[in-house]
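Worksheet for the structure shown next.
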Amino acid sequence: RQSWMQRLKAGLSKTSSNLTTLFVGARIDDDLYDELEAALLMSDAGVEATRHLLDALRKKVKSERLTEAAQVKDALRTLLIELLAPLQKPFVLGRHQPLVMMIAGVNGAGKTTTIGKLAKHLQAHGQSVLLAAGDTFRAAAREQLAIWGERNNVAVIAQESGDPAAVAFDAVQSARARKTDVVMVDTAGRLPTQLHLMEELKKIRRVIGKGLEGAPHEVLLVIDGNTGQNALAQVKAFDDALQLTGLVVTKLDGTAKGGVLAAIAKTHPVPVYFIGVGEKIEDLQPFNAEEFVDALLT
Ligand code: GDP
């Protein structure tokens, strides 16, 4: 099995085959900038981040009198790292007991998988974990979480056809009573049509706060790295409704849209706590701007 870094590289090479090859033996002229612009747009970096990077690159090439394509590529690397660095923020444990995390994301984004990976990650760091099956609209989601919890020795609070906010409230109370370190509240990614997802999520957030002042301490949005520019729309919508504290970007092992992180950094920066680079437990890694850019450009 490849290391996670190799999988990230292999995945991002779909994004960046043009980004890496276009510099090879290239002359520094308008053609090069045009090709670079196309490659960045194709990777879903978006218009604003692409324009920002190209302008900054032209300036740097001029001021530093760069003459080799390899130097230009290196300058691009530096600019990309600068752009993405604000998204890098370590996920800190032990500030609250319980630390209450609410996890949101549209269906299929990788929410359940991420919760499983995170639970294992937290346990590995000596934290006790409680899960709340807050997606009460999908029986399968609840069952999936319950089975997973049993298999992995993680307590799961679930109610059949309950109110998701009530499940979340219960879970927080239960965690306080049991002195659990971390509560993760799963939420629905889609509702029966007449209900409004954002209103439902806001209610869950409010009710968690009634159960424990200051909670939820973390509100994470899980987004599928393959959805490109649509991921940006999700970040905006969920952030407006829920005041996100962080993102988890999944499926970066197989995407051609890795540039979307540049779009997020430029237009709606929310820290990326973790990236998903596969389906296994160990395939959840802290986001590191330098590692990410190196995987993108080599
Ligand atoms: P949910 O509907 O948001 O709960 O999504 P799931 O957790 O069920 O994930 C949807 C699919 O994406 C599943 O087949 C997962 O195995 C897969 N998946 C989740 N995260 C990753 C990842 O980082 N890489 C890859 N390759 N697949 C992932």
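Position one of the sequence shown corresponds to residue 87 (the UniProt record's numbering), numbered consecutively onward.
Glycine is no exception: its CB is placed at the ideal position from the N, C-alpha and C atoms.
If distances are taken between C-alpha atoms only, which option among the options comes closest to residue i?
| i | options | result |
| --- | --- | --- |
| residue 187 | 337, 169, 215 and 324 | 215 |
| residue 294 | 230, 238 and 328 | 328 |
| residue 182 | 144, 304, 251 and 97 | 304 |
| residue 217 | 230, 131 and 309 | 230 |
| residue 302 | 315, 349, 335 and 254 | 254 |
| residue 312 | 369, 265, 225 and 345 | 345 |
| residue 308 | 291, 358, 290 and 281 | 358 |
| residue 246 | 129, 228 and 300 | 228 |
| residue 286 | 153, 324 and 89 | 324 |
| residue 237 | 110, 175 and 202 | 202 |
| residue 211 | 300, 242 and 177 | 177 |
| residue 265 | 200, 290, 315 and 185 | 185 |
| residue 374 | 364, 334, 366 and 343 | 334 |
| residue 89 | 109, 132, 281 and 369 | 369 |
| residue 326 | 363, 314, 306 and 310 | 306 |
| residue 219 | 190, 208 and 207 | 190 |
| residue 107 | 288, 124, 153 and 321 | 124 |
| residue 132 | 331, 316, 365 and 377 | 316 |
Residues in the same chain with beta-carbon distance under 8 Å from residue i, minus the five sequence neighbours each way, listed in chain order, please.
| i | result |
| --- | --- |
| residue 259 | 297 |
| residue 119 | 140, 143 and 144 |
| residue 135 | 126, 169, 345, 348, 349, 351, 352 and 353 |
| residue 116 | none |
| residue 385 | Because the chain in this structure spans residues 87 to 384, residue 385 falls outside the shown range and cannot be described. |
| residue 336 | 195, 196, 199, 200, 308, 309, 310, 311, 361 and 362 |
Once the 5 residues before and after residue i are set aside, which same chain residues still bring their CB inside 7 Å of it?
| i | result |
| --- | --- |
| residue 142 | 165 |
| residue 240 | 205, 215 and 217 |
| residue 213 | 179, 267 and 268 |
| residue 147 | 114, 158 and 161 |
| residue 209 | 215 |
In the DSSP assignment, what residue or residues form a beta bridge with residue i?
| i | result |
| --- | --- |
| residue 305 | 188 |
| residue 244 | Residue 244 pairs with nothing; no bridge assigned. |
| residue 272 | 189 |
| residue 310 | 336 |
| residue 174 | 358 |
CB-CB under 6 Å to residue i, same chain, minus the five flanking residues each way: which ones, in chain order?
| i | result |
| --- | --- |
| residue 97 | 338, 339, 340 and 341 |
What residues come near the ligand GDP, if near means a beta carbon less than 6 Å from any of its heavy atoms?
191, 193, 194, 195, 196, 197, 198, 199, 275, 336, 337, 339, 340, 362, 363, 364, 365 and 369
Could you tell me which uninterrupted alpha helix (DSSP H) segments, each at least 4 residues in length, are contained entirely in the region 330-374, listed from first to last along the chain?
346-353
Which residue spans inside the region 191-267 form an unbroken beta strand (DSSP E) run of at least 3?
215-218 and 241-243
Note down, one range per segment and in chain order, each alpha helix (DSSP H) of at least 4 residues found wholly within the region 88-165.
90-107, 116-128 and 132-149
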